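Colleague:
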Amino acid sequence: MGQNLKTRQKRRRRKLYLKRKNERMKAGASSKPAKADKPAKKTAKKAAKKVAK
């Protein structure tokens, strides 16, 4: 029938990976603060001044 060793290792490795991934998702979702909006860049203001002249 063949060796089941590799399939078992892969299955176990994937199971542990998914467990770590889910824990990271749960921990990261609650601890991240909401992002603040960034102020507009000054380049847009400079371009508007050039057009006004």
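For the record, in the sequence shown the residue sitting at position 37 is 33 according to the working numbering, with numbers rising by one throughout. Here a beta-carbon is modelled for each residue, glycine too, at the ideal position from N, C-alpha and C. On a predicted model such as this, the values are computed, not experimentally measured, just so you know.
#1: According to DSSP, is ASN18 helix, strand or coil?
#2: DSSP three-state call for GLY(-2): helix, strand or coil?
#3: LYS2 to ARG10, Cα distance in whole Å?
Modeller: So, from the data block:
#1: The answer is helix: DSSP assigns ASN18 an H, G or I state.
#2: Assigned with DSSP and collapsed to three states, GLY(-2) falls in coil, not helix or strand.
#3: For LYS2 and ARG10, the distance between alpha carbons rounds to 12 Å.
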